[in-house]
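A.B. asks:
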Amino acid sequence: MNKLQDKSITRRCIAATCVNAVIQCMALISPYIMGQIIDDYIPNQKLRLIYLGIGLFVSLPFLSVLLSTLYNYLTIKFVRKKGNEYAMKVMENLVFQEMSFYDKENSLELLSYASKEMVGYVNFLVTDLSRYYVNVVMAVATLAVLISIHPVMGVMQLFYIPLAYYPVKYFGKKVQDEISLVVTKNAENNQIRGDIFQAIEFVKLNCIEGVKLKEVEAGNNAINGIWGKVAALDSLCGIWTVGFESVLFTGLTFGVGALLVINGNQLQVGQLVSVITYCAVYYGSMNAIMTTSIDRKKQESEYAQVLSYLDMDGEREHNYGKKEFTMEKGIFFRNCHFSYPGKEEILGGRTFSFKKGHWTGIVGASGCGKTTVLDLITKLYKGCDGQVFVDKTDINEIDSFSIRERVTKISQNVFLFPGTIEDNMKLVNPKATQEDMEWALSMACLKDFMQQLPKGIKTDVGEAGKLISGGERQRLSIALGLLKKTKILLLDEVSSALDPTTEEELARNFKELVKKGYTVISISHKREFLKYADEVVEF
53 MNKLQDKSIT
63 RRCIAATCVN
73 AVIQCMALIS
83 PYIMGQIIDD
93 YIPNQKLRLI
103 YLGIGLFVSL
113 PFLSVLLSTL
123 YNYLTIKFVR
133 KKGNEYAMKV
143 MENLVFQEMS
153 FYDKENSLEL
163 LSYASKEMVG
173 YVNFLVTDLS
183 RYYVNVVMAV
193 ATLAVLISIH
203 PVMGVMQLFY
213 IPLAYYPVKY
223 FGKKVQDEIS
233 LVVTKNAENN
243 QIRGDIFQAI
253 EFVKLNCIEG
263 VKLKEVEAGN
273 NAINGIWGKV
283 AALDSLCGIW
293 TVGFESVLFT
303 GLTFGVGALL
313 VINGNQLQVG
323 QLVSVITYCA
333 VYYGSMNAIM
343 TTSIDRKKQE
353 SEYAQVLSYL
363 DMDGEREHNY
373 GKKEFTMEKG
383 IFFRNCHFSY
393 PGKEEILGGR
403 TFSFKKGHWT
413 GIVGASGCGK
423 TTVLDLITKL
433 YKGCDGQVFV
443 DKTDINEIDS
453 FSIRERVTKI
463 SQNVFLFPGT
473 IEDNMKLVNP
483 KATQEDMEWA
493 LSMACLKDFM
503 QQLPKGIKTD
513 VGEAGKLISG
523 GERQRLSIAL
533 GLLKKTKILL
543 LDEVSSALDP
553 TTEEELARNF
563 KELVKKGYTV
573 ISISHKREFL
583 KYADEVVEF
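Going by my numbering, the first residue of the sequence shown is number 53, and it counts up by one from there.
(1) Going by other Cβ atoms of all chains shown within 10 Å of its Cβ, with 16 needed for buried, is C259 buried or exposed?
(2) How big is the Cα-Cα spacing for I328 and V358?
(3) Please classify M140 as buried or exposed, where buried requires at least 16 other C-beta atoms within 10 Å of its C-beta.
(4) Could you tell me the alpha carbon to alpha carbon distance between G224 and K349, rounded to whole angstroms?
(5) On the DSSP bridge list, what partners appear for C388?
(6) Q503 by DSSP, collapsed to three states: which one?
(7) For a test of the three-state rule: what should DSSP assign to L541, helix, strand or coil?
(8) Measuring from the CB of I455, is there a heavy atom of the ligand COA at a distance below 8 Å?
(9) Given this structure, state the Cα-to-Cα distance separating M53 from K226, to the nearest angstrom.
(10) State yes or no: is the C-beta of V188 within less than 9 Å of the C-beta of I341?
(11) Going by DSSP, what residue range makes up the alpha helix (DSSP H) through K461?
(12) So what does T592 bridge to, in DSSP terms?
(13) Taking the CB atoms as reference points, tell me whether F377 and F406 lie closer together than 9 Å.
(14) Cβ of F581 within 9 Å of Cβ of G413?
(15) I need the straight-line Cα distance from K578 to I252, nearest angstrom please.
(16) Beta-carbon separation of S120 and I89 under 9 Å?
(17) Between F43 and L479, how many whole angstroms is the CB-CB distance? I'm expecting something under 8 Å.
(18) Going by DSSP in three states, Q318 sits in which element: helix, strand or coil?
(19) Can you tell me the Cβ-Cβ gap for I278 and K375, rounded? I've got them flagged as a contact below 8 Å.
(20) Take the Cβ of P482 as the centre, count every other Cβ of all protein chains shown within 10 Å, and call the residue buried at 16 or more, exposed below.
(21) Please report how far the alpha carbon of K499 lies from the alpha carbon of S576, in whole angstroms.
(22) Please go through the same chain and pick out, in chain order, the residues whose beta-carbon is closer than 7 Å to the beta-carbon of L112, but skip the five residues on each side of it.
(23) By DSSP, does N54 sit in helix, in strand, or in coil?
(24) Leaving out five residues before and five after A73 in sequence, what residues of the same chain have Cβ atoms less than 6 Å from its Cβ?
(25) Let me make sure I understand the geometry here. Which of Y335, G438, T460 and G280 has the alpha-carbon closest to that of Y570?
(26) Kindly list the residues whose CB is nearer than 8 Å to the CB of T538, restricted to its own chain and excluding five residues on each side of it in sequence; keep chain order.
(27) Beta-carbon of Y334 versus every beta-carbon of chain B: anything under 9 Å?
(28) So, are the CB atoms of R64 and L160 less than 9 Å apart?
(29) For T344, is the classification buried or exposed, using 16 other Cβ atoms within 10 angstroms of its Cβ as the cut-off for buried?
(30) Return the bridge partner residues of I414 from the DSSP annotation.
(31) Using alpha carbons as the reference points, say which of V333, N561, F404 and I346 lies closest to Y222.
(32) Looking at the strands, I want to know which residues DSSP matches up with Q439.
(33) What ranges does the alpha helix (DSSP H) occupy inside the segment 271-305, keeping only unbroken runs of at least 4 residues that lie completely in it?
(34) Which class does I244 belong to by DSSP, given the choice of helix, strand or coil?
(35) Inspect the beta-carbon positions of L541 and V572 and report whether they are closer than 9 Å.
(36) Identify, in the order they occur along the chain, each residue of the same chain with its Cβ nearer than 7 Å to the Cβ of T423, setting aside the five sequence neighbours on each side.
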């Protein structure tokens with residue numbers, strides 16, 4: 053529960069504790085005034101003190117509400133700001149994880165956790181926990197006051213604690229388990245919903261709309277059932293402490309107090325009234341302590357997964373102290389083996405190299421590790437058993453961000469962000485001029501296509517580029533890669549969706565880039581695309 057305890061939260065929590073302590077202390081004054089009025093001021097006809105006491109009795113709750121309202125306003129502003137900051141930190145930490153992390157996670161489940169607001173958790177730390185500590189102090193202080201009035205009255209209240217603690221502890225554990233299940237089920241159900249929209253064409257063509265919707269409905273019903281259990285456990289806890297135990301002890305206290313008043317005048321009537329009032333404060337504090345204990349279990353369960361993302365080291369941490377990327381001669385693989393988690397080994401201990409200023413093609417059967425080579429160069433994946441060198445420097449000693457700033461991988465798996473063609477181009481190179489964009493589009497064989505578009509570069513591509521065809525998306529992906537203007541290009545089946553004429557033109561364009569000092573490493577199942585390559589490595 054202390055993973056978000058930075059200095060600002062700690063300061064705010066201390067301030068909240070002080071304000072709550074003042075408010076609770078105000079609540080202790082009223083019973084004392086009431087006892088004094090009944091036992092002293094009324095019998096002795098002290099009218100001035102009676103009126104003064106009544107004035108205080110009436111004004112203290114008003115002052116308490118005013119102070120509480122003002123502080124709540126300031127706290128809400130702080131909590132929302134801080135909660136949003138931490139939600140952003142969670143998102144940031146997830147984005148900077150290694151690719152191997154994403155291979156093990158469902159993207160939409162991650163989205164469910166990453167989009168979770170942290171405001172409720174921060175509010176619990178600042179507001180509810182501070183009240184918890186104040187209520188602990190108040191319970192002890194009230195108990196001390198009751199003992200000072202009459203030891204029997206105070207000692208009786210000690211039995212309230214175990215009768216409240218053990219049932220609440222049991223209910224709290226049950227609630228914690230159920231909340232954890234809700235969080236998991238919500239993430240799973242969001243994954244199902246997202247999958248439906250991502251694969252909507254497949255869903256429609258196979259007439260499985262009803263099947264998938266039933267899966268969502270079943271998930272919703274399961275979640276509703278769990279929330280019903282949580283509500284029942286909360287109600288049982290409240291019924292036990294407020295509806296049964298508080299009433300029971302109030303009756304017992306009043307009965308024993310009445311006997312003390314009757315037998316030997318050991319307790320005055322005003323004192324008995326004060327005792328009952330102080331007991332109400334004591335029970336209220338104890339009930340608040342127990343309720344907060346259950347809420348704490350809820351918070352721990354609800355935010356456990358999200359908070360775990362704050363503690364993970366990512367690529368930024370792994371790159372501290374690493375070298376900048378420079379290449380004078382080339383990239384060298386020596387006796388390399390690699391395997392993805394849970395999969396068979398690939399690369400087979402191969403040794404090969406890619407010379408600077410050359411076009412090297414890679415060919416081979418599917419699954420033999422061609423794309424993996426590009427991923428190892430860009431350090432999307434690490435853990436090659438063997439060595440990968442850039443000149444004489446082990447690639448593990450080089451900053452991965454520095455590599456990606458100077459090396460561009462253009463993939464067959466094209467992704468475009470919603471917006472216009474220009475928006476996507478400006479995203480990869482915000483400083484790109486109109487001339488730069490026209491050059492990149494021309495080199496990607498898109499000049500004629502762009503002239504046919506009524507809005508040209510302002511054309512909307514839609515979600516993931518779905519408003520343009522596969523071949524056009526692939527060529528636009530090439531244009532985006534070229535717009536980065538790095539001298540090292542990694543091409544992964546970039547001509548797979550192109551017709552022979554366009555493929556030939558594109559190959560000639562890459563050959564011209566090589567003549568200008570570019571280094572090209574390309575994977576292709578089409579030998580024709582590699583006819584201008586200086587060398588072809590066969591896997």
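In this text, a Cβ means the ideal position worked out from N, Cα and C, and glycines have one as well. Source: prediction; values computed, not measured.
C.D. replies: The answer reads as follows:
(1) Counting from one through the sequence shown, the residue named residue 259 turns up at place 207. C259 is classed as exposed because its beta carbon has fewer than 16 other beta carbons within 10 Å across all chains shown.
(2) As a working mapping, residue 328 is identified with position 276 in the sequence shown. As a working mapping, residue 358 is identified with position 306 in the sequence shown. If you take the alpha carbons of I328 and V358, they lie about 45 Å apart.
(3) By 1-based counting over the sequence shown, the position of residue 140 is 88. That one is exposed.
(4) For the purposes of this step, residue 224 is taken as the residue at position 172 of the sequence shown. For the purposes of this step, residue 349 is taken as the residue at position 297 of the sequence shown. Distance between the alpha carbons of G224 and K349: 6 Å.
(5) By one-based count along the sequence shown, residue 388 stands at place 336. Paired residues: R402.
(6) What you label residue 503 is simply residue 451 of the sequence shown in a count that begins at 1. Note: Q503 maps to helix in three-state DSSP.
(7) Here residue 541 is taken as the residue at index 489 of the sequence shown, counted from 1. Shown here, L541 sits in a strand according to DSSP, grouped into three states.
(8) You won't find the ligand COA in this model; it holds no ligand whatsoever.
(9) Your numbering for residue 53 matches position 1 in the sequence shown. Your numbering for residue 226 matches position 174 in the sequence shown. Because the pLDDT at M53 is just 44, under 50, the model does not fix this residue reliably, and the point stays unresolved.
(10) Along the sequence shown, read from residue 1 onward, the residue named residue 188 stands at position 136. Along the sequence shown, read from residue 1 onward, the residue named residue 341 stands at position 289. For the pair V188 and I341, the CB atoms are nearer than the 9 Å cut-off.
(11) Reading the sequence shown from its first residue, position 409 is the one you call residue 461. No alpha helix (DSSP H) contains K461, which is instead part of the beta strand (DSSP E) from V459 to I462.
(12) Because residue 592 is not part of the residues shown, which for the chain are 53 to 591, the question remains open.
(13) Within the sequence shown, residue 377 is the residue found at index 325, counting from 1. Within the sequence shown, residue 406 is the residue found at index 354, counting from 1. No. Outside cutoff.
(14) Walking along the sequence shown from the start, residue 581 turns up at place 529. Walking along the sequence shown from the start, residue 413 turns up at place 361. Contact: yes.
(15) As a first step, residue 578 is located in the sequence shown; it is residue number 526 there, counting from the start. As a first step, residue 252 is located in the sequence shown; it is residue number 200 there, counting from the start. The straight-line gap from Cα to Cα measures roughly 31 Å.
(16) Indexing the sequence shown from 1 puts residue 120 at position 68. Indexing the sequence shown from 1 puts residue 89 at position 37. No.
(17) Since the displayed the chain opens at 53 and closes at 591, residue 43 lies outside it and no answer follows.
(18) Counting from 1 along the sequence shown, the entry for residue 318 is found at position 266. Here Q318 sits in coil by DSSP.
(19) Taking the first residue of the sequence shown as position 1, residue 278 is located at position 226. Taking the first residue of the sequence shown as position 1, residue 375 is located at position 323. K375 and I278 do not touch by the CB rule: their CB atoms are close to 51 Å apart, not below 8 Å.
(20) The residue labelled residue 482 in the question sits at position 430 within the sequence shown. When all chains shown are included, P482 counts as exposed.
(21) By one-based count along the sequence shown, residue 499 stands at place 447. By one-based count along the sequence shown, residue 576 stands at place 524. Roughly 24 Å separates the two Cα atoms.
(22) In the sequence shown, residue 112 corresponds to position 60, counting from 1. For L112, the CB contacts under 7 Å within the same chain, skipping 5 residues up- and downstream, are M78, I81 and S82 in chain order.
(23) Locating residue 54 in the sequence shown gives position 2, counting from the first residue. The predicted model places N54 with a pLDDT of 44, which falls under 50 and marks its position as unreliable, so this point remains unresolved.
(24) If you number the sequence shown from 1, residue 73 lands on position 21. Correct list, in chain order: V186.
(25) Within the sequence shown, numbered from 1, the residue matching residue 570 stands at position 518. Residue T460 is the option with its Cα nearest to Y570.
(26) Taking the sequence shown and counting its residues from 1, the one referred to as residue 538 is at position 486. Counting only Cβ-Cβ distances below 8 Å, and skipping sequence neighbours, we find E457, R458, V459 and T460.
(27) The structure shown contains no chain B, having only a single protein chain.
(28) Walking along the sequence shown from the start, residue 64 turns up at place 12. Walking along the sequence shown from the start, residue 160 turns up at place 108. 9 Å or more divides the Cβ of R64 from the Cβ of L160.
(29) The residue you call residue 344 lines up with position 292 of the sequence shown. Answer is buried; the Cβ neighbour count reaches 16.
(30) Taking the first residue of the sequence shown as position 1, residue 414 is located at position 362. Per DSSP, I575 and V589.
(31) Indexing the sequence shown from 1 puts residue 222 at position 170. Of V333, N561, F404 and I346, the smallest CA-CA separation from Y222 is found for I346.
(32) Taking the sequence shown and counting its residues from 1, one reaches residue 439 at position 387. In the DSSP output, where bridge partners are listed per residue, Q439 has R386.
(33) Segments of the alpha helix (DSSP H) lying fully in the segment 271-305: there are none.
(34) Here residue 244 is taken as the residue at index 192 of the sequence shown, counted from 1. Note: I244 maps to helix in three-state DSSP.
(35) As a first step, residue 541 is located in the sequence shown; it is residue number 489 there, counting from the start. As a first step, residue 572 is located in the sequence shown; it is residue number 520 there, counting from the start. Yes, Cβ-Cβ distance for L541 and V572 is below 9 Å.
(36) On the sequence shown, residue 423 is found 371 positions in, with the first residue counted as 1. Here T423 has D544 and I575 as same chain residues with Cβ atoms under 7 Å from its own Cβ, once five neighbours each way along the sequence are excluded.
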